[in-house]
Amino acid sequence: MQHIVIIGNGISGVTLARHVRKLSDKKITIISSESDYFFSRTALMYVYMGHMKFEHTQPYENNFWKKNRIELLKGYVEKVLADKKTVSLSNGSKIAYDALVIATGSKPNKFGWPGQDLEGVQGLYSKQDLEQLEKNAPNKNVCKRAVIVGGGLIGIEMAEMLRSRDIPVTFLVRETSFWNGVLPNGESEMINEHIREHHIDLRLDTNLEKIISDENGRAKAVVTDKGETIACDVVGLTAGVTPNIDFLKDSGIELGKGVKVNRLLETNIKDIYAIGDCAEQHEGIGLRRPIEAVWYTGRMMGETLAQTLCGNPTEYNPGHWFNSAKFLDIEYQTYGWVFSERNKKEYEEHFHWRHPKEKICITMAFHKESHAFLGINNFGIRLRHELFDRWLNEKRPVEYVLEHLKDANFDPELYATYEDAIVSKFNADFGQNIQPKNKSWKRILNLH
Amino acid sequence: MEKNTKPSLDTDRHSKTTTMSTLDKSMSLSGEPPKALNTNQKISVLIGMTGLGILVLQLFNLQLGNSALWLSISLLLIFLGVFLFSQAAYAHKHEGIKNDGVWFKSISSRGLMGWLTGIALTGFYIVLYFYPEYLGLVQDGDNRGLIALFDPLSRALSGNPASQWFVYGTLYTVGILAFGIKFMWKYRHNGYQQLRTLSVMFFQTAFAFIIPEIMARLNGDLPYYDLKNMWPLNYYNFERYRINGFIDAGDVGLAMLLFGILSIFVISPILTYKFGKRWYCSWVCGCGAMAETVGDPFRQLSDKSKFAWKVERWVVHSVVVFVTLMTTAVIYSYLGNDTSKYWLTKTSFLIGVAVILTAVFAWAMIFKRDQLQKDAQYGALGYFTIIAVLLGMHFFSGEGNIFLFKSSTLRTTYSFLIGSIFSGVIGTGFYPIFGSRVWCRFGCPMAAILGFQQRLFSKFRITTNGGQCISCGNCSTYCEMGIDVRAYAQKGENIVRSSCVGCGICSAVCPRGVLKLENGPQEGRINPTEVLLGNDVDLMELVNRK
Numbered sequence: 196m197q198h199i200v201i202i203g204n205g206i207s208g209v210t211l212a213r214h215v216r217k218l219s220d221k222k223i224t225i226i227s228s229e230s231d232y233f234f235s236r237t238a239l240m241y242v243y244m245g246h247m248k249f250e251h252t253q254p255y256e257n258n259f260w261k262k263n264r265i266e267l268l269k270g271y272v273e274k275v276l277a278d279k280k281t282v283s284l285s286n287g288s289k290i291a292y293d294a295l296v297i298a299t300g301s302k303p304n305k306f307g308w309p310g311q312d313l314e315g316v317q318g319l320y321s322k323q324d325l326e327q328l329e330k331n332a333p334n335k336n337v338c339k340r341a342v343i344v345g346g347g348l349i350g351i352e353m354a355e356m357l358r359s360r361d362i363p364v365t366f367l368v369r370e371t372s373f374w375n376g377v378l379p380n381g382e383s384e385m386i387n388e389h390i391r392e393h394h395i396d397l398r399l400d401t402n403l404e405k406i407i408s409d410e411n412g413r414a415k416a417v418v419t420d421k422g423e424t425i426a427c428d429v430v431g432l433t434a435g436v437t438p439n440i441d442f443l444k445d446s447g448i449e450l451g452k453g454v455k456v457n458r459l460l461e462t463n464i465k466d467i468y469a470i471g472d473c474a475e476q477h478e479g480i481g482l483r484r485p486i487e488a489v490w491y492t493g494r495m496m497g498e499t500l501a502q503t504l505c506g507n508p509t510e511y512n513p514g515h516w517f518n519s520a521k522f523l524d525i526e527y528q529t530y531g532w533v534f535s536e537r538n539k540k541e542y543e544e545h546f547h548w549r550h551p552k553e554k555i556c557i558t559m560a561f562h563k564e565s566h567a568f569l570g571i572n573n574f575g576i577r578l579r580h581e582l583f584d585r586w587l588n589e590k591r592p593v594e595y596v597l598e599h600l601k602d603a604n605f606d607p608e609l610y611a612t613y614e615d616a617i618v619s620k621f622n623a624d625f626g627q628n629i630q631p632k633n634k635s636w637k638r639i640l641n642l643h
Numbered sequence: 015m016e017k018n019t020k021p022s023l024d025t026d027r028h029s030k031t032t033t034m035s036t037l038d039k040s041m042s043l044s045g046e047p048p049k050a051l052n053t054n055q056k057i058s059v060l061i062g063m064t065g066l067g068i069l070v071l072q073l074f075n076l077q078l079g080n081s082a083l084w085l086s087i088s089l090l091l092i093f094l095g096v097f098l099f100s101q102a103a104y105a106h107k108h109e110g111i112k113n114d115g116v117w118f119k120s121i122s123s124r125g126l127m128g129w130l131t132g133i134a135l136t137g138f139y140i141v142l143y144f145y146p147e148y149l150g151l152v153q154d155g156d157n158r159g160l161i162a163l164f165d166p167l168s169r170a171l172s173g174n175p176a177s178q179w180f181v182y183g184t185l186y187t188v189g190i191l192a193f194g195i196k197f198m199w200k201y202r203h204n205g206y207q208q209l210r211t212l213s214v215m216f217f218q219t220a221f222a223f224i225i226p227e228i229m230a231r232l233n234g235d236l237p238y239y240d241l242k243n244m245w246p247l248n249y250y251n252f253e254r255y256r257i258n259g260f261i262d263a264g265d266v267g268l269a270m271l272l273f274g275i276l277s278i279f280v281i282s283p284i285l286t287y288k289f290g291k292r293w294y295c296s297w298v299c300g301c302g303a304m305a306e307t308v309g310d311p312f313r314q315l316s317d318k319s320k321f322a323w324k325v326e327r328w329v330v331h332s333v334v335v336f337v338t339l340m341t342t343a344v345i346y347s348y349l350g351n352d353t354s355k356y357w358l359t360k361t362s363f364l365i366g367v368a369v370i371l372t373a374v375f376a377w378a379m380i381f382k383r384d385q386l387q388k389d390a391q392y393g394a395l396g397y398f399t400i401i402a403v404l405l406g407m408h409f410f411s412g413e414g415n416i417f418l419f420k421s422s423t424l425r426t427t428y429s430f431l432i433g434s435i436f437s438g439v440i441g442t443g444f445y446p447i448f449g450s451r452v453w454c455r456f457g458c459p460m461a462a463i464l465g466f467q468q469r470l471f472s473k474f475r476i477t478t479n480g481g482q483c484i485s486c487g488n489c490s491t492y493c494e495m496g497i498d499v500r501a502y503a504q505k506g507e508n509i510v511r512s513s514c515v516g517c518g519i520c521s522a523v524c525p526r527g528v529l530k531l532e533n534g535p536q537e538g539r540i541n542p543t544e545v546l547l548g549n550d551v552d553l554m555e556l557v558n559r560k
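So the protein sequences, as listed, match chains A and B.
Okay, so the first sequence: first residue is 196 according to the working numbering, each after it adds one.
Okay, so the second sequence: first residue is 15 according to the working numbering, each after it adds one.
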């Protein structure tokens, strides 16, 4: 029986294992040094905040794995011996494989800042990071201030976590506005405001110079490129992540920033594959980046590779881009592509609407000439994934999307609706006369 | 109203309250780091506890003098305490999800305070149901102690002295109102939660508390009747004394009896078809009202395991079988045999019950077989058990007897086991241990019947938003019914579960906008294939190919 060994029990590796089990009887082993069972990494913040216990982040009951004959092995893979088709663990044991899948995810970026390895300096990615944070910042008496370096999704999550324990937070963001390499200005500005109204000391356009140590080798302050020294007990490094592949250095597997793979998710060595955050496409697919450190893409790669491993070679061929996040109290979803001013394509036109009082806004991108709908960012409004996916497939013009926007509303019942206001702003901005149609179940479910 | 006029211990008010001790303890005990109480919260706890203290002192039959005044002071202080506590907890914060520290607080994470509260509540229920004399109930004479304190209010409403059930009903209503306000504050960004909570507050105050008392004043013959409380939750609704009461009360009584029958056979199926069982369980029902307000801090304690789900299905459906048989037996026992005296006789009644059950069973088996799967066997088992017993009743029962038992024994057993122990002592007493919907999930026959319909014949579903789920687990954690919502959401499946009461909290706590409660066409409601949106179409076809 073929033995598939998966290194990493995150969403990619576990999705792969589940689908392989559905499709075949192969022997499956998942090796992880992080946790006994699969958990949702994106939910770690809720454990620190007291919304959930760690067990709640585990999507499957503990007996699920045995029942599905997926062997879980706690251990740290030190080396891949490709010529012997074996991996060796830090405890000295060796495991032979027929197919090896690298799904080791990411680790927080460290850019060589002086003091980046001091006590009290940490990232937020793994279960161990969470445990570390619980030690470093259990309450506001032990941690009188935290400084977070890096204005992305993890940074704002970490700020929210610390604020839930009333710990003062200074948030250093390199960009001139929060996440404006990704978000268009209007949205980025709204999030700036929201961060500040949560009493987070947001410092835009500010870089970390160094971290200063106390006599015990613990961080006691940071110095910014503005020359300011900020006293703190914890420094959160959240300036993005990078593939977690150091253990593969001499394995013969081709590495770039991540593990280089082709569209079949194969590495340069036969029977070795890579999926998830640590996989790097030779070239980005469509407008995607070569490395996609996103929950959903990890899952999709797992689904895809399961097909290949079970005798049905399938290329990783992701559909329309989508993503989601939550910025403190503001939910964010995106379907298709909306680029920030910095990365905007020359054909890309934006329509932006923001609620006069609430923290709610959308930005739609469409093609300047053809008016083809390209994508939407929605903040504080939930929208239906399936409809946007369909509209993107059907290459609908932006006018069509606006006309049918009520179909796409996914907010809970009895919420205020904003489609009329959005459409009339579009009409005013672009001299049109679109009349939004009432919601139709027939259209939503594609019933005939 | 009946109150202490009934010889048997009557649990006419099925609705359960908590003592105010829960209310106040739940405030005072959230002091674990990093979620200590702020100063205003501490003051509000003191205020609420003072109000509660007045009630507790009454247990020792202290003569405080003016009962009306002291009762007013006590209830107002309790109400004010909860109100100020909520204000201190939420008013200064931004709109949004307020679950910080839930699993750090002793009261809401099965800590010491949770257990103590559970024990206190359970004790209160045991006294309430079985030893009301300790609360000051006097059968033939003036009440004493706590119950006497409520006499003026009871007299003002119905003209009668208070009973333990009046005390209970009053505290129950105050709890729902005060904690309803707290809940609305907590979810002030959420229109669905706001309106739903207003609705349960209204139905509790008007239908469960005020209207029956006023009806009793207007027409002394009418049985105490909370109109929204339908059979089989209201398992005693068709008992002889009540039927006689309805009939004796003339047209109004007959109208109420008719309403009681229409409620379960016509009104509830129509509403459940349109909206799912939530129209009842989390918008109208008194048990639901308590669970959603006072019980809200405990919703995360429900058991989500597959094992618990299995137990739930066995227990709750057994209760349905039990209540159906019990009610049939009770009605059977007082019907006659002579068609010339009354059109409904023992035999025609049994045939009627059998016909209705057969019709429902046949409908489910013929039209909904594909959706029932394994459950079909259990349904068949339940159905044939009932039919067999009905036949048995017909052939082997004598006057007043069902087999060898008196029908009243069956009824008393149900009342004790289900009406008192399950719905009260365990259902509410164990809030801080098993969560707020133990009764609704494991015990309520009404919920099971509505759930059967919700599963098979309703427009209601919780839609999963394509591939957006990140498996975080907030939805499952905060599901008071113990549904593992995430198990569906992460597969892109809609959630169509008979136990879902449609509280909408899974949708509220979802950080990625994945869940939406909605009523839509039945076509496309259940989508069992793993349509995980995001991957290209060819792959999806492969993944879905079984």
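Using N, Cα and C, we set each Cβ at its ideal position, and we do this for glycine too.
Same chain, Cβ closer than 8 Å to residue i, neighbours up to 5 away in sequence not counted
i, result
"Pro508(A)", "Leu459 and Gln502"
"Val325(B)", "Phe456"
Counted within 10 angstroms of its Cβ, other Cβ atoms place residue i as buried (16 or more) or exposed
i, result
"Val293(B)", "The displayed chain sequence assigns Trp, not Val, to residue 293(B). That one is buried."
"Lys39(B)", "Low per-residue confidence applies at Lys39(B): pLDDT is 37, beneath 50, and the placement is therefore not dependable enough to give any value."
"Gln253(A)", "buried"
"Ala376(B)", "exposed"
"Ile463(B)", "buried"
"Leu358(B)", "exposed"
"Asp310(B)", "buried"
"Leu37(B)", "Interpretation of Leu37(B) is limited by its pLDDT of 40, a score under 50 that renders its predicted location unreliable; the figure taken from the coordinates is listed afterwards. By the neighbour-count rule (16 or more Cβ atoms within 10 Å), Leu37(B) is buried."
Own chain partners of residue i with C-beta closer than 7 Å, once the 5 adjacent residues on each side are dropped
i, result
"Val215(A)", "Ile199, Lys221, Ile223, Ala501, Leu504 and Cys505"
"Ser227(A)", "Gly203, Asn204 and Lys269"
"Asn18(B)", "Since pLDDT at Asn18(B) reaches only 34, below the 50 mark, its modelled position is unreliable, and no value is offered."
Chain-order list of residues whose beta-carbon lies under 6 Å from that of residue i (same chain, five-residue window excluded)
i, result
"Ala560(A)", "Val533, Glu543, His545, Leu569 and Gly570"
"Glu229(A)", "Ser321 and Lys322"
"Leu267(A)", "Ile225 and Trp260"
"Ala520(A)", "Leu348 and Tyr527"
Cross-strand partners of residue i (DSSP beta bridge)
i, result
"Lys518(A)", "Reading off the sequence shown, one finds Asn at residue 518(A), where the question assumed Lys. Beta-bridge pairing links Asn518(A) to Thr529(A)."
"Gly350(B)", "Thr359(B)"
"Val429(A)", "Ala341(A)"
Where residue i sits in the DSSP three-state scheme
i, result
"Ser207(A)", "helix"
"Asn604(A)", "strand"
"Leu43(B)", "Residue placement at Leu43(B) is poorly supported in this model, since its pLDDT is 36, which falls under 50; the coordinates still yield a value, given next. Looking at Leu43(B) - three-state DSSP - the assignment turns out to be coil, as it is neither helix nor strand."
"His643(A)", "coil"
"Tyr255(A)", "coil"
"Ser88(B)", "helix"
"Tyr468(A)", "strand"
"Asp38(B)", "Residue placement at Asp38(B) cannot be trusted, given a pLDDT of 37 that sits under 50; what the coordinates show is reported in the next sentence. It is helical."
"Pro513(A)", "strand"
"Ser541(B)", "Residue identity check: residue 541(B) is Asn in the sequence provided, not Ser. Asn541(B): coil per DSSP, three-state reduction."
Where the alpha helix (DSSP H) through residue i begins and ends
i, result
"Arg391(A)", "Asn380 to Glu392"
"Asp624(A)", "Glu614 to Phe625"
"Pro311(B)", "First-last for Pro311(B): undefined, no H or E at that position."
"Ile351(A)", "Leu348 to Arg358"
Endpoints, beta strand (DSSP E) assigned at residue i
i, result
"Glu572(A)", "The question names Glu, but residue 572(A) is Asn in the sequence shown. Segment Phe568 to Phe574, the beta strand (DSSP E) holding Asn572(A)."
"Met559(A)", "Cys556 to His562"
"Thr237(A)", "Per DSSP, Thr237(A) belongs to no beta strand (DSSP E) and is neither H nor E."
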